[in-house]
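Residue numbers (our numbering): 138 to 715.
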């Protein structure tokens, strides 16, 4: 028994510094927690980590504490990740619960850490990677970036995700902010992430045709590696080649082929040498385009085929598309239409696949954003429900008391009067009581209606806002609160906004339904926004049953593919246009 006692005490001593650090609630909490995670990176002893892990959960059983529960979970997941243990769906659920706990604790700093970890582990749907990085940055910005570590990683992740959905301007915006953290905390700065971010910005500028800006950022890579070479000679040579190759590409786009071609050939050679075949594919595609421009169709065709092989091995879909398009065009000029058709079919198929994936990703991002906002709303609703109900009850009670006092005073005053007016006074009293009851019912109904409208308008605002440009965003925010789709004027405003958010939706809808009327357009647009029947009824100023009947009539007017619901089919019209 004595041996067991000393063993428990020893374990408590071993985890005491962790418990102490994790109980801190001020803005120093994140950096203190980061210090406790650093010991995991040593990976000296897996059994020691497992021993601490068990001791921590045993401590939590004896000393229940929500904050400590969240911190232990984060330590557990990070530790298992360092020792090569896979993250499971159960961890996804545990982190979701931890976020809920942090929300109930009203600790945005702890919640920001959880968002960052959620994004780092890339749990759930692919869209979660972008969403939770964005949410982490949003909270970290509000609290102060100085209270967090590796903030630049969040910005790089956002820039990376946006680049791959071809949102180049947004990618550049977040990427440039990432670079501002270079000198914030040298110990917490990854120099390679800095180089990757410079590459992402430079590539985005190239995609936008802004060659001078692209050259500037790729020159920054060369200057950085020249000033402080990377410890790996292979990495150093590869990234100097990548930077010079992209500068060469920019020169060629500017018509300076003599300056650009040697640099692109260097990128090709270092890509092949380091087996970075996606970079070899990029360079070979550029060289093929130059040959094609100078009517060297045979040589261009050969280089594009080589680029295609590199791109397939390097799993680079963008370069495969470029190579396939080039091969098809060169075969046309070589008077080989059959071969041109074969490669053009492959090009079109891959291009359509990529476009569909990007559109699906953007739609999934919107859906995830709405789901996230609804989840946060549910957290707030749970935390505030009792106080709201109490406030409403007190408001009604005060109203009843005041109205009752008024009624009593009126009744007492009338009772003093002559007896012959007694019947008239009784009638007035009953009327007053009736008005009191109606007033209470109106207060309750009005309160409920306002709550429902607020939640609906909030969801619509978020959904439309994700698709709006900067200029449109302000207009949406200031006008959406006035929408109830009853009059034709209100509908035209709403239709215009939906058209801005989902280009082509109404065109597609009108092509499917002959002589479509405004009521059907309204219903379809609300179905597209994935509103419930109750919410649609509120927006249209009709009953829920009327919405159900209208949906039934609309379904009869559309040839819906077998196995799809009306809602799924209407939503698919939106996905066609992204």
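Glycine residues also receive a C-beta, built at the ideal position from the N, C-alpha and C atoms.
According to the DSSP assignment, residue 422 belongs to the alpha helix (DSSP H) that extends over 414-430. Listed in chain order, the non-local C-beta contacts of residue 491 below 7 Å within the same chain comprise 454, 458, local neighbours out to five positions each way being set aside. For the options 691, 648, 682, the alpha carbon positioned closest to that of residue 659 is the one of 691. Between the C-alpha atoms of residue 201 and residue 161 there is a straight-line separation of about 16 Å. Contact between the stretch 694-712 and the stretch 645-664 is established, with three or more Cβ pairs separated by less than 8 Å.
The beta carbons of residue 426 and residue 471 sit about 16 Å from each other, so the pair does not count as a contact at 8 Å.
Between the alpha carbons of residue 157 and residue 150 lies a gap of roughly 11 Å. Apart from sequence neighbours up to five positions away, no residue of its chain approaches residue 188 with a beta-carbon distance below 6 Å. Counting along the chain, residue 382 sits inside the alpha helix (DSSP H) bounded by residues 370-390. Where residue 334 is concerned, the enclosing alpha helix (DSSP H) starts and stops at 328-344.
Exclusion of the five residues before and after residue 414 leaves 408, 447, 450, 451 as the residues of its chain whose Cβ lies within less than 7 Å of its Cβ. In the displayed model, residue 175 falls within a helix according to three-state DSSP. Excluding sequence positions up to five before and after residue 671, its CB lies within less than 7 Å of the CB of 681, all in the same chain and listed in chain order. Judged by beta-carbon spacing, residue 204 lies within the 8 Å limit of residue 242, meaning their Cβ atoms are closer than that value.
The beta carbon of residue 342 sits closer than 6 Å to those of 350, 351, all from its chain and outside the five residues before and after it, given in chain order. Ranked by how close their Cα comes to the Cα of residue 432, the residues 399, 469, 406 have 469 in first place. In the displayed model, residue 287 falls within coil according to three-state DSSP, outside both helix and strand. In the pairwise beta carbon analysis, the stretch 477-490 is classified as touching the stretch 460-467: at least three pairs are separated by under 8 Å.
Burial check for residue 331: the Cβ neighbour count within 10 Å reaches 16 or more, so the residue is buried.
Contact check for residue 293 against residue 334 passes: the beta carbons are separated by less than 8 Å. The C-alpha of residue 182 is placed about 36 Å away from the C-alpha of residue 362. Cβ-Cβ separation between residue 276 and residue 249: approximately 4 Å, consistent with a contact (criterion under 8 Å).
Taking a C-beta distance under 8 Å as the contact criterion, residue 419 and residue 394 do not qualify as a contact pair. Judged by DSSP secondary structure, residue 303 falls outside any alpha helix (DSSP H); it is assigned neither H nor E.
Here residue 160 carries a coil assignment [DSSP, helix/strand/coil]. Annotated as distal: residue 207 and residue 256, with beta-carbon spacing of 8 Å or more. Cβ contact annotation for residue 252 (same chain, cutoff 6 Å, sequence separation greater than five): 269, 272, 273, in chain order.
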